[in-house]
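Encoded as structure tokens, the structure appears first; notes follow it.
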Ligand code: NAI
């Protein structure tokens with residue numbers, strides 16, 4: 003097993019940043035350098051004001067404060083970091099392809115391929131290259147073929163080490179990981195590489211939580227884990243629609259089925275639909291791979307998870323419109339929350355984006371408040387859809403930093419992220435400020451129906467009639 007002195011991670015995003023910060027804090031003898039081509043992002047990681055880090059995660063700034071400048075560095079000097087490191091993590095984005103073959107489903111691997119070509123060009127000593135990004139099964143062989151044809155005579159071992167952290171709990175998930183998965187070749191040098199990487203995680207995790215597999219099982223397991231998790235959300239969301247028609251209460255159904263130890267209680271909260279950068283992208287990828295092997299039934303089965311998620315978002319928006327007497331034109335609707343979940347500033351694939359878009363099509367006036375998401379981000383999310391011009395988006399939607407100003411004369415409030423602070427608002431004052439009848443559409447099941455109705459609200463809670 004090799005002794006590791008220097009690690010480099012390419013990609014300083016939601017995965018690369020927190021993962022490497024935790025490794026640096028747990029392995030003080032290892033120098034960890036996180037590199038990115040995005041200068042602005044690296045500047046934010048190096049900002050002396052730790053509230054300006056590009057990723058918001060509970061506990062992250064404390065770890066960065068302890069390690070940055072000691073054994074944790076953020077830099078745009080990609081080539082230098084590659085040259086010096088014994089282990090190179092690739093943690094760049096792998097979005098869904100927006101062009102060509104596999105458009106709308108397959109993973110776009112151009113960023114990963116660029117990294118591999120760059121490593122091939124720069125490396126002068128043997129390296130372990132670790133796929134940290136979520137990649138389609140069999141990507142390691144593509145990386146291998148790029149690396150092996152460099153002509154530098156350098157030996158590379160390619161490992162798959164997918165990341166299972168969830169945004170909002172990234173630091174906790176890394177420190178208390180259920181398991182770490184390390185896939186690699188079943189050769190003596192492949193085994194040595196797997197053991198070397200295992201030794202890093204063994205600094206803080208018990209041995210039995212570090213699983214070693216072949217490289218294909220590891221790549222596929224990450225896609226399957228996300229598909230199973232998203233499937234649970236879509237399953238309970240499907241039942242939430244049925245609950246609303248039958249006087250059943252989805253919370254009671256969740257509890258009743260979740261106490262069955264074969265099912266378990268986690269990921270059974272009905273909501274406005276899942277978001278985040280991974281679930282949809284990774285399921286689409288699984289669907290694409292299955293179809294490319296002619297496994298149409300397998301592809302259709304997993305695709306249904308996405309279809310149900312789209313339905314849930316559409317259903318929520320349509321319910322707002324029909325409840326507000328079939329027109330929201332010119333009506334002020336306040337969005338509480340824009341992030342795809344609480345405790346993160348990430349908005350990728352957030353349900354709020356599609357719901358806003360649907361309501362803006364009906365000429366609603368939307369006012370958004372989110373404690374961690376900037377106005378620039380919100381407008382960028384909407385503009386990206388290209389449903390209407392950027393000017394129109396700015397005319398119809400405003401972003402505020404004080405929720406209490408937003409609710410003045412509002413027709414309705416939609417709760418779209420489960421931020422804890424929303425539970426603690428003085429809802430009596432909010433009721434006073436709103437137009438009557440005062441509608442609240444709770445897409446996160448955050449508040450009590452009984453309490454809200456007692457205060458006078460017309461309150462709709464997803465999954466409850
Ligand atoms: P991100 O978009 O936040 O960060 C990726 C970073 O890579 C960006 O800062 C980008 O500038 C940089 N980059 C792209 N090409 C580069 C290159 N050639 N050289 C240097 N830097 C480059 O993405 P995120 O969310 O960190 O995801 C990374 C991977 O991890 C994806 O494959 C994702 O599926 C996977 N993943 C994400 C999770 C999440 O919760 N966000 C959880 C588990 C896995």
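In our numbering, the protein residues as written are 3 to 467. Glycine residues also receive a C-beta, built at the ideal position from the N, C-alpha and C atoms. Note that this is a predicted model, so its numbers are computed, not measured.
Suppose contacts are defined by Cβ-Cβ distances below 8 Å. Is residue i in contact with residue j by that definition?
i	j	result
residue 429	residue 344	no
residue 447	residue 465	yes
residue 239	residue 273	yes
residue 111	residue 152	no
residue 353	residue 277	yes
residue 6	residue 89	yes
residue 107	residue 286	yes
residue 160	residue 115	no
residue 57	residue 19	yes
residue 249	residue 467	yes
residue 74	residue 63	no
residue 222	residue 330	no
residue 260	residue 315	no
residue 389	residue 423	no
residue 415	residue 326	no
residue 179	residue 207	yes
residue 35	residue 170	no
residue 174	residue 61	yes
Just how far apart, CA to CA, sit residue i and residue j?
i	j	result
residue 16	residue 113	16 Å
residue 53	residue 303	43 Å
residue 425	residue 449	6 Å
residue 49	residue 84	23 Å
residue 38	residue 27	20 Å
residue 419	residue 349	10 Å
residue 104	residue 183	28 Å
residue 225	residue 301	13 Å
residue 323	residue 441	11 Å
residue 177	residue 269	21 Å
residue 454	residue 228	35 Å
residue 443	residue 433	14 Å
residue 78	residue 242	47 Å
residue 395	residue 292	38 Å
residue 129	residue 271	44 Å
residue 198	residue 4	6 Å
residue 439	residue 374	30 Å
residue 263	residue 181	20 Å
Please find out if some non-hydrogen atom of the ligand NAI comes closer than 7 Å to the beta-carbon of residue i.
i	result
residue 94	yes
residue 117	yes
residue 174	no
residue 136	yes
residue 124	no
residue 12	yes
residue 162	no
residue 113	yes
residue 277	no
residue 149	no
residue 316	no
residue 40	yes
residue 16	yes
residue 59	no
residue 131	no
residue 43	yes
residue 37	yes
residue 167	yes
residue 29	no
residue 280	yes
Let's see if you can read the secondary structure: which residues bound the beta strand (DSSP E) around residue i?
i	result
residue 19	Note, residue 19: premise wrong, no beta strand (DSSP E); alpha helix (DSSP H) at 18 to 28.
residue 11	8 to 12
residue 74	74 to 77
residue 192	Not the beta strand (DSSP E): residue 192 falls in the alpha helix (DSSP H), residues 190 to 203.
residue 91	89 to 92
residue 383	Residue 383 -> not in any beta strand (DSSP E); alpha helix (DSSP H) instead, spanning 377 to 387.
So the alpha helix (DSSP H) residue i belongs to, where does it begin and stop?
i	result
residue 418	Taken as a continuous stretch (DSSP letters only), residue 418 belongs to no alpha helix (DSSP H), as it is neither H nor E.
residue 348	Note, residue 348: premise wrong, no alpha helix (DSSP H); not H, not E.
residue 369	Taken as a continuous stretch (DSSP letters only), residue 369 belongs to no alpha helix (DSSP H), being part of the beta strand (DSSP E) at 367 to 371.
residue 133	Segment 129 to 133 is the beta strand (DSSP E) holding residue 133; no alpha helix (DSSP H) there.
residue 290	281 to 294
residue 223	217 to 248
Notebook entry, point to check: Is the region 155 to 167 in contact with the region 292 to 311, if contact means three or more CB pairs nearer than 8 Å?
Noted result: Taking 8 Å as the limit for Cβ pairs, the verdict is that the region 292 to 311 does not touch the region 155 to 167.
Margin query: Closer than 8 Å is the cut-off here; do at least three beta carbon pairs connect the region 398 to 412 with the region 332 to 341?
Written below: Between the region 398 to 412 and the region 332 to 341, the count of Cβ pairs shorter than 8 Å is three or higher; the stretches touch.
Notebook entry, point to check: Do the region 228 to 238 and the region 200 to 210 touch if we need at least three Cβ pairs shorter than 8 Å?
Noted result: No, the region 228 to 238 does not touch the region 200 to 210.
Note to self: Is it the case that the region 212 to 229 contacts the region 182 to 195, given that we only count it when at least three CB pairs across the two stretches are under 8 Å?
What the structure shows: Taking 8 Å as the limit for Cβ pairs, the verdict is that the region 212 to 229 does touch the region 182 to 195.
Check: Should the region 3 to 17 be called in touch with the region 86 to 102, which here means at least 3 C-beta pairs below 8 Å?
Finding: Judged by pairs of C-beta atoms under 8 Å, the region 3 to 17 touches the region 86 to 102, as three or more such pairs exist.
Checklist line | Three CB pairs or more closer than 8 Å across the region 116 to 135 and the region 158 to 167 | finding: Segments in contact, yes.
Check: Is there contact here, the region 355 to 364 with the region 380 to 387, by at least three beta-carbon pairs under 8 Å?
Finding: In short, these stretches touch, since the Cβ pair count reaches three.
Next item on the list: Would you check if there are 3 or more beta carbon pairs closer than 8 Å linking the region 369 to 381 to the region 389 to 407?
Entry: Short answer: they touch.
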